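Colleague: Shown below is the structure under consideration.
2 protein chains.
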Amino acid sequence: MSDQLSRTFAALADPTRRAMLARLSQGRANVSDLAKPFLKKMSLPAVTKHLKVLEKAGLVTKTRDAQWRPCQLNGRGLKRAADWMEEYRRFWEESFDRLEEYLKTVAPKPENPVTARSTPKAKGKKRGRKD
Amino acid sequence: MSDQLSRTFAALADPTRRAMLARLSQGRANVSDLAKPFLKKMSLPAVTKHLKVLEKAGLVTKTRDAQWRPCQLNGRGLKRAADWMEEYRRFWEESFDRLEEYLKTVAPKPENPVTARSTPKAKGKKRGRKD
């Protein structure tokens, strides 16, 4: 588990760390501001530990702004994971297509073939969904 | 760490498990075939354990084919992780743009502006790389 890609995925495997990334996606934040929403559930050292995991995984970097050292999201770490994922794109798209195929088999057949032909193929979207 | 997305990322945080997924991306395989390349480094129970982690994470499913129960890659599990990642796309694209900006500042300026204009924009690729 020593490679950087494994470290990145391991860092993402925690809801607190993903919540920290979500916060940083809004903009840079210093450690105390970043920690605030989590301090009801955990101690400051626990939050700092999570942050260290994110830093080691290359998902967060500390920048310098005068005496202030805010944290910011590091796109490169995310890119590493996204690039790996991209190799498998056809599989997650296939699983979606299979669902679409299934929905076609269970959906009632249109009575007017002209209307049916003029309907564009709704890739990955159910038309007229009730929700 | 009990949510499914965390389980998925945790399952991806291991090179052996990622290698198993790479093998399954070539097609379905039964456990013994899937295990073969790893048996030099680890025992069969260790391989089976990794496979169980992938199954629990929703990344691999066992199908049924007569008496045979081959494993196959489950696109839906990957989609879950990819969807999460997608929310952060602008960050990894930004980090790429920043690199491109930097490369522009360090690259020698072309002497002939006409030649410079006719050169296509090399997005994310260094031209004339020596390797």
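The listed protein sequences correspond, in order, to chains E and V. Residue 0 is where the first sequence starts when you use numbering that gives the first Met the number 0, and the numbers rise one by one after that. Residue 0 is where the second sequence starts when you use numbering that gives the first Met the number 0, and the numbers rise one by one after that. Backbone N, C-alpha and C fix where the C-beta goes; we use that ideal spot for every residue, glycine too. This one's a predicted model, so the numbers in the text were calculated from it and none came from an experiment.
Grab the span of the beta strand (DSSP E) containing Leu72 of chain E for me, first residue to last.
Modeller: Counting from one through the first sequence, the residue named residue 72 of chain E turns up at place 73. First-last of the beta strand (DSSP E) with Leu72 of chain E: Cys70 to Leu72.
Colleague: At what residues does the alpha helix (DSSP H) containing Asp15 of chain E begin and finish?
Modeller: Position 16 of the first sequence, counted from the first residue, corresponds to residue 15 of chain E. Note on identity: in this sequence residue 15 of chain E is Thr, with Asp being the wrong assignment. Counting along the chain, the alpha helix (DSSP H) containing Thr15 of chain E begins and ends at Pro14 to Leu23.
Colleague: Report the residue ranges of all alpha helix (DSSP H) runs contained in full by the region 19 to 54 of chain V; include only those spanning at least 4 residues, in chain order.
Modeller: Segments of the alpha helix (DSSP H) lying fully in the region 19 to 54 of chain V: 30 to 34.
Colleague: What does the alpha-carbon distance come out to for the pair Arg17 of chain E and Leu53 of chain V?
Modeller: One-based indexing of the first sequence puts residue 17 of chain E at position 18. One-based indexing of the second sequence puts residue 53 of chain V at position 54. Computed Cα separation, rounded: 21 angstroms.
Colleague: Between V:Pro14, V:Leu77 and V:Gly26, which has its C-alpha nearest Asp2 of chain E's C-alpha?
Modeller: The residue given as residue 2 of chain E occupies position 3 in the first sequence. Per the Cα distances, V:Pro14.
Colleague: Cα separation between Arg88 of chain E and Ala65 of chain E?
Modeller: On the first sequence, position 89 is the one that residue 88 of chain E refers to. On the first sequence, position 66 is the one that residue 65 of chain E refers to. Approximately 43 angstroms between the Cα atoms of the pair.
Colleague: Are Ala10 of chain E and Leu58 of chain E closer than 8 angstroms when you measure CB to CB?
Modeller: Taking the first residue of the first sequence as position 1, residue 10 of chain E is located at position 11. Taking the first residue of the first sequence as position 1, residue 58 of chain E is located at position 59. Taking 8 angstroms as the Cβ cut-off, Ala10 of chain E and Leu58 of chain E qualify as a contacting pair.
Colleague: How about the region 73 to 91 of chain V and the region 34 to 51 of chain V: do they share at least three Cβ pairs that are nearer than 8 angstroms?
Modeller: As far as the Cβ criterion goes, the region 73 to 91 of chain V does not touch the region 34 to 51 of chain V, which means the pair count is below three.
Colleague: Please list the terminal residues of the continuous alpha helix (DSSP H) segment that includes Thr7 of chain V.
Modeller: Position 8 of the second sequence holds residue 7 of chain V. Thr7 of chain V -> alpha helix (DSSP H) spans Gln3 to Leu11.
Colleague: Against chain E, does Glu93 of chain V count as a neighbour if the rule is that its beta carbon must be under 8 angstroms from one of theirs?
Modeller: Working through the second sequence from its first residue, we reach residue 93 of chain V at position 94. Chain E contact via Cβ: present.
Colleague: Starting from Thr131 of chain V, trace the beta strand (DSSP E) both ways and give me its first and last residue.
Modeller: Nothing can be reported for residue 131 of chain V: it is not among the residues displayed for chain V, which extend from 0 to 130.
Colleague: For Ala121 of chain E, which residues of its own chain have a beta-carbon under 7 angstroms away from its beta-carbon, when the five flanking residues on both sides are left out?
Modeller: Here residue 121 of chain E refers to the residue found at position 122 of the first sequence. Note that Ala121 of chain E scores 46 on pLDDT, short of 50, meaning its location in the model is unreliable; the coordinates nonetheless yield the value given after this. There are no such residues.
Colleague: Near Pro36 of chain E, which residues of its chain fall below 8 angstroms by C-beta distance, leaving aside the five closest residues on each side in sequence?
Modeller: Your numbering for residue 36 of chain E matches position 37 in the first sequence. Answer for Pro36 of chain E: Ala18 and Arg22, listed in chain order.
Colleague: Within this structure, are the beta carbons of Ser24 of chain E and Phe8 of chain V separated by less than 8 angstroms?
Modeller: For this step, residue 24 of chain E is matched to residue 25 along the first sequence. For this step, residue 8 of chain V is matched to residue 9 along the second sequence. No. Outside cutoff.
Colleague: Using the Cα positions of Thr60 of chain E and Arg68 of chain E, report the straight-line distance between them to the nearest angstrom.
Modeller: Position 61 of the first sequence, counting from 1, holds the residue named residue 60 of chain E. Position 69 of the first sequence, counting from 1, holds the residue named residue 68 of chain E. Roughly 10 angstroms separates the two Cα atoms.
Colleague: Nearest chain E C-beta to Ser42 of chain V closer than 8 angstroms, yes or no?
Modeller: Here residue 42 of chain V is taken as the residue at index 43 of the second sequence, counted from 1. Chain E contact via Cβ: absent.
Colleague: From V:Thr62, V:Ala56, V:Ala45 and V:Arg63, pick the residue whose C-alpha is nearest to that of Ala80 of chain V; which is it?
Modeller: Here residue 80 of chain V corresponds to residue number 81 of the second sequence, with the count starting at 1. Nearest C-alpha to Ala80 of chain V: V:Ala56.
Colleague: Which same chain residues end up closer than 8 angstroms to Asn73 of chain V when comparing Cβ atoms and leaving out the 5 residues on each side of it in sequence?
Modeller: The residue you call residue 73 of chain V lines up with position 74 of the second sequence. Only Gly57, Leu58, Val59 and Thr60 meet the Cβ criterion.
Colleague: Which same chain residues end up closer than 7 angstroms to Ala34 of chain V when comparing Cβ atoms and leaving out the 5 residues on each side of it in sequence?
Modeller: Residue numbering aside, residue 34 of chain V sits at position 35 when the second sequence is read from its first letter. Result list for Ala34 of chain V: Leu43 and Val46, in chain order.
Colleague: Looking at Ala176 of chain E: is its Cβ nearer than 8 angstroms to the Cβ of Cys70 of chain E?
Modeller: Outside the displayed range of chain E (0 to 130) lies residue 176 of chain E, so it cannot be described from this structure.
Colleague: Please list, in chain order, the residues of the region 10 to 22 of chain E that have any C-beta partner in chain V closer than 7 angstroms.
Modeller: Listed by position along the chain: Leu11, Ala12, Asp13 and Pro14.
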